[in-house]
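This report refers to the structure that appears directly beneath it.
Numbering (my numbering), first residue to last: 23 to 581.
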């Protein structure tokens, strides 16, 4: 048997060993017990210490997130706005599917704890002052452990969803006094591990043990598990899970099992079955469509994931459109546009309802609008981004259009959200910087400037956008070039110049308001002159302004 950890914890979450030496700070909450409405949950400290059960409205409120965007942000340089687009990665809007999974996991954790009430087996012998148990949970040997399979196309947010749900529960709870019982217990409501790429029974078991060790800043469980043989892993895991009252085990990326020999993969699937039977902890399995064949070889495996939640592509319905309309509020382009039916249908067609692809297209469309100078999302911009960024994914997207599941499993390897768009995103962001440089460079070339002049214009433009007066911006730009040299990295020169402005605050640093002087004499040029001529020559003012170039073509910003 595994010995109970002999540790104490102070209010700051510092763990000390027997000699009182500080070992690690970890995220551990002290148990606060709440009265349970459901009778079967009452009198169980493992359940009473959990957060309250959420209704759908509460879940949406707690997990929704949309980055803040201010009107003033759109006036910043495209270089800054390109950085702000990274905030879109944190956008999350719960859908009906997310609510269903949250409620299922909430029930799984609590129902799993019913059979593992620490007072159940010795309830007749308990003598806790002031507490009379109202009922007794009868021990049963039948295994009715709940399991949940979440399978679907890469990029649909399976892992993100589960992480959001798990974040609603503390990773560890410290029990020190439950109705007079001062037995110290460390409760772990959930554990999430990834299936190793070269998965075996022992490697998976060690991954689980290491996850627990990391929470305590220890290596004891991993070392002891590593010293045990494969057939000894299961009883050892049960002992560890019992000691720390693990409430839920989440195993992600289980499609990795298909990358090993069929015999070994069969053994691992049997290990999952045995795991749920022996440790009596609910299990959530997460994987892509490639994982589904693992559950079709044996009927018992199919039965285990009967309550699976497939994450197929989102249908082009009202819920999808509500998601996209919320996303469209996050526009850092100078001219934000409405989420029209045409734009939403186009993004759906190009992404095929894969939310990650849709979000990436929306983000890259803004980058392209910035460095092209269009500064607005149009159908043409979206099409150009899709044609550039989605070429390797076209077989997968076409399989989605035809709804061919065998083909989808074949193309799953094409798409890895964490890596696929990384290089493309970097290229697009670099183009924003190049665009701004070229704008300044073109002006400098017209003035016959040198490399020093080009660099000075870039730095002074940056300082002006940061609120520094133009005269001071030019002066400090020249100063840093003199000190550090024109060949120094432009980003460093910008930083040095800004630090120089802060180090030498003067009245000149304030932005000097530009006063427009209106002369009394008849204008010889400009809009006023055009207006004067239209009156004298009896020509429509609109036509004169259009001919003079003050009014653009109606198709100027179309796709």
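Beta carbons are placed, not taken as given, at the ideal position from N, Cα and C, and that holds for glycine. This structure is a prediction, so every number in the text was calculated from the model and none was measured.
Non-local C-beta neighbours of residue 116 in its own chain, meaning closer than 7 Å and more than five positions away in sequence, comprise 81, 82, 85, 86, ordered along the chain. Of the other Cβ atoms in all chains shown, 16 or more fall within 10 Å of the Cβ of residue 312; this residue is therefore buried. In the DSSP annotation of this structure, the continuous segment of the alpha helix (DSSP H) that includes residue 402 starts and ends at 401 to 411. Residue environment: residue 103 is assigned as buried (16 or more neighbouring CB atoms within 10 Å of its CB, all protein chains considered). For residue 359, same chain residues with a beta-carbon under 6 Å away, outside a window of 5 residues either side, are 398, 399 in chain order.
243 is the residue among 251, 274, 254, 243 whose C-alpha sits nearest the C-alpha of residue 265. A straight-line Cα-Cα distance of about 12 Å links residue 185 and residue 123. In this structure, residue 169 and residue 298 form a Cβ contact; the two beta carbons are roughly 6 Å apart against a cut-off of 8 Å. Here the alpha carbons of residue 178 and residue 348 stand approximately 17 Å from one another.
By the Cβ test, the segment 65 to 75 is not in contact with the segment 214 to 232, since fewer than three Cβ pairs between them sit closer than 8 Å. In the three-state reduction of the DSSP assignment, residue 243 falls in the helix class. By a beta-carbon distance limit of 8 Å, residue 419 does not contact residue 113. Their separation comes to about 22 Å. Between residue 89 and residue 110 the beta-carbon gap is near 7 Å, inside 8 Å, which marks them as a contact.
Your pair residue 401 and residue 368 checks out as a contact, with CB atoms roughly 6 Å apart and the cut at 8 Å. With 16 or more neighbouring CB atoms inside 10 Å of its own CB, residue 138 falls in the buried class. By the Cβ rule, the segment 239 to 255 does not count as touching the segment 302 to 310, because fewer than three pairs are nearer than 8 Å.
Beta-bridge partners of residue 92 (DSSP): none assigned. In this structure, the beta-carbon distance from residue 343 to residue 175 does not fall below 8 Å.
Burial check for residue 207: the Cβ neighbour count within 10 Å reaches 16 or more, so the residue is buried. Rounded to whole angstroms, the separation of the alpha carbons of residue 404 and residue 354 is 16 Å. Under the three-state reduction of DSSP, residue 179 is assigned to coil, being neither helix nor strand.
In the DSSP assignment, residue 134 falls within the unbroken alpha helix (DSSP H) covering 118 to 136. For the 8 Å CB-CB criterion, residue 499 and residue 481 form a contact. Under the three-state reduction of DSSP output, residue 511 falls in the coil class, being neither helix nor strand.
Pairing residue 256 with residue 300, the inter-Cα distance amounts to about 8 Å. When DSSP states are grouped into helix, strand and coil, residue 397 belongs to the coil group.
With fewer than three CB-CB distances shorter than 8 Å, the segment 379 to 397 does not count as touching the segment 191 to 211.
Ranked by Cα distance from residue 218, the options 247, 192, 253, 275 are led by 275.
Counting other Cβ atoms within 10 Å of its Cβ, residue 409 stays below 16 and is therefore classed as exposed. In the DSSP secondary-structure assignment, residue 272 is bridged to 214, 306.
Sorting 93, 62, 119, 50 by C-alpha distance to the C-alpha of residue 341 places 119 at the top.
In the structure shown, residue 174 falls within a strand segment according to DSSP collapsed to helix, strand and coil.
Under the DSSP definition of a beta bridge, residue 200 partners with 203. Here residue 515 is actually not in contact with residue 496; their C-beta atoms are around 14 Å apart, not less than 8 Å. Within the same chain, 375 come within 7 Å of residue 337 by CB-CB distance, once the 5 residues on both sides are set aside.
Taking C-beta atoms as the reference points, residue 210 and residue 247 fail to come closer than 8 Å.
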